[in-house]
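Residue numbers (this note's numbering): -3 to 384. Worksheet for the structure shown next.
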Amino acid sequence: MNNVIRDEKLKAALNKQYLNQPADQVITKDQLANLQGTVTLDNKEIKDLTGMSYATQITALYLNHNEIIDITPLKDMVNLRQISLMNNQIKDLRPMSSLVDLQSLNLSKNQIQSVWPLTKLKNLKTLFLDYNPLQSYDELRFMKQLTLLSMRGVGISNLAVLLPLVNLEVLYLDDNKIQSLEPLSQLYLLYQLNINGNQVHNLKPIGALKYLQMLFANQNQIENLEPLKKLKQLQFLDLNHNHIEDLTPLASVESLEALSIMNNRVKDLTPITKLPHLLALLAQGNQITSLKGIHALPIISLENQSVEWESIWVNKSEYAIELKGRLIDTNGEVPLITAISPKTVTYDVLKSRLIVNQLEPLITVFFHNQNEEIPFSGELRLSFKELE
């Protein structure tokens, strides 16, 4: 009885999980031929797949987080519909060209430079290529049947190669070098788009994606949200770490359920206070000073605001700075002042104003909303000089 599995880690995993025999027991061709359905062998330190070619009845194979270089044994496993080989050391995809029934393939975090062999897989719908050192993207033009494509961290800058992929519904392009989204304007079926960690400034092409429901665009250079007002089905929007000041265009996106705008330059939340379906708002790290019109939501955080008031002029005979009407909590009052620097400045709670005992070039005021349903806090920095 010949042992057809060379890799001891592979043999041990198959024996333990699927063959119900001792880890060092010999595995036969017949035993492999009888394996059916899904086989999952993640994190097993597997290096050699020799012998797996006899497991022709398997329809789904998961070999994530191993040490595989050569996938030649997979070429005869023609019934495979799903393969996941994430985080291995694979370079050559030619053995996969025979797997014509393959529908889903995850090759993220390998050493792949070319995906030409995959152009023969006309039933392939889902493809993950994240964080591979791809040298060419042109072959993607010939994969028009794809409905989901993930290309995080592959170094792409020009999206023109995606123009023919008109069946795409989900597209991940995070952590690349993208500046222009223009080619995406023709991918009309997209309902999810991820472009986090790029160099995008203009969202105009996205305005044509009328079915878009989810947009993740954090860590870019976005300022203008005007194109988004056309997206009547948009539900989830992530714009963290951009340069956004004005939320007015979002007032017409009534389908919006979750909005994340952390670490931008937003001062006024008024445009989004009447969105009928909004359930989550994350706006930490902005320049918000007023909670007027803001209501408690299942998920809401407005903490760590960073506000600067420049050139605050004070009367020479009365060094006082009014906060009432300028720093507003949910009750229309000034939120709790928790600390002031320097100590020469005090706070008159009854009159809601700062009392300055001597002119200071910079005053820092720390505040906190006492309504726990709407977390709101931050620091207010005031620079001023004496009125002549």
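Idealized CB from N, CA, C, for every residue including glycine. Here the structure is a predicted model, which means the values were calculated and not measured.
Helix, strand or coil at residue i according to DSSP, with G and I counted as helix
i	result
Asp134	helix
Val430	Coverage of the chain is limited to positions -3 through 384, which leaves residue 430 absent and any answer about it impossible.
Ile317	strand
Lys157	The amino acid occupying residue 157 in the given sequence is Val; Lys does not appear at that position. Here Val157 sits in helix by DSSP.
Leu142	coil
Gly33	strand
Tyr168	strand
Leu70	helix
Leu208	coil
Arg377	strand
Gln301	strand
Ile42	coil
Glu219	coil
Asn190	strand
Glu178	helix
Glu4	helix
Ile23	coil
Ile324	strand
Per-residue burial, residue i [other beta carbons within 10 Å of its own, 16 or more giving buried]
i	result
Lys7	buried
Ser379	exposed
Thr326	buried
Leu355	exposed
Arg90	exposed
Gln17	exposed
Val162	exposed
Pro331	buried
Ser132	exposed
Ile295	exposed
Val150	buried
Leu346	exposed
Nearest-angstrom Cβ-Cβ length linking residue i and residue j, presumed shorter than 8 Å
i	j	result
Thr285	Leu323	5 Å
Gln188	Met210	4 Å
Leu125	Ile108	7 Å
Leu95	Leu59	Not quite, the Cβ-Cβ distance comes to about 14 Å (not below 8 Å), so this is no contact.
Leu28	Gly47	7 Å
Leu177	Pro201	4 Å
Leu274	Phe372	That pair is no contact at about 17 Å.
Val249	Leu227	6 Å
Tyr168	Asn190	4 Å
Phe157	Asp171	With the sequence shown as reference, residue 157 is identified as Val, and Phe is not the correct amino acid for it. Between Asp171 and Val157 the Cβ distance is about 18 Å, and since that is not below 8 Å, they are no contact.
Val196	Gln217	7 Å
Opposing strand residues paired with residue i [DSSP bridges]
i	result
Ile295	Ala276
Ser256	Asp234 and Leu278
Tyr50	Beta-bridge pairing links Tyr50 to no other residue.
Tyr58	Thr36 and Ser80
Ile290	DSSP, once it has assigned bridges, lists no residue as partnering Ile290.
Ala335	Phe362
Thr122	Ser100 and Leu144
Leu350	Ile317 and Tyr343
Nearest candidate by alpha-carbon position, reference residue i, set the options
i	options	result
Pro357	Gly328, Ala335, Tyr315 and Asn365	Tyr315
Gly328	Ser348, Ile336, Ile317 and Ala335	Ser348
Leu255	Arg261, Leu230 and Glu241	Leu230
Asp3	Leu37, Ala29 and Asp26	Leu37
Leu235	Pro113, Ile108, Ser80 and Asn194	Asn194
Ile86	Asp344, Glu219 and Ile42	Ile42
Leu114	Leu136, Tyr127 and Ser132	Leu136
Leu243	Leu221, Ser93, Leu271 and Ser251	Leu221
Glu375	Thr360, Val196, Lys200 and Ile1	Thr360
Glu241	Thr266, Lys226 and Lys228	Thr266
Leu185	Ala204, Leu199 and Ile191	Ala204
Gln141	Leu117, Met147, Val150 and Pro129	Leu117
Val111	Ile370, Asp97 and Met92	Met92
Lys206	Val352, Leu180 and Ile218	Leu180
Asn260	Leu103, Gly281, Lys226 and Leu123	Gly281
Ala292	Val303, Ala276, Asn300 and Trp305	Ala276
Lys145	Leu101, Gln131, Pro129 and Gln182	Reading off the sequence shown, one finds Leu at residue 145, where the question assumed Lys. When only C-alpha atoms are compared, the closest one is Leu101.
Gln283	Gly289, Lys270, Val303 and Thr269	Val303
Met258	Ala213, Leu319 and Asn106	Ala213
Trp305	Asn11, Arg377 and Val74	Arg377
His61	Tyr343, Asn83 and Arg77	Asn83
His237	Ser251, Leu246, Glu219 and Lys12	Glu219
Glu369	Ala9, His239, Ile290 and Ser251	Ile290
Ile35	Ile23, Asn367, Asp97 and Leu57	Looking at the sequence shown, residue 35 is not Ile but Val. Checked all of Ile23, Asn367, Asp97 and Leu57; the closest Cα to Val35 is Leu57.
Thr143	Gln99, Asn106, Ser104 and Leu155	Gln99
Asn(-2)	Lys25, Met139, Thr122 and Asn106	Lys25
Asp264	Ala247, Pro129, Tyr50 and Gln78	Ala247
Ile317	Asn353, His239, Asn300 and Lys12	Asn353
Leu45	Ile54, Ile67, Thr52 and Asn365	Ile67
Val74	Asp97, Glu63, Ile65 and Asp88	Asp97
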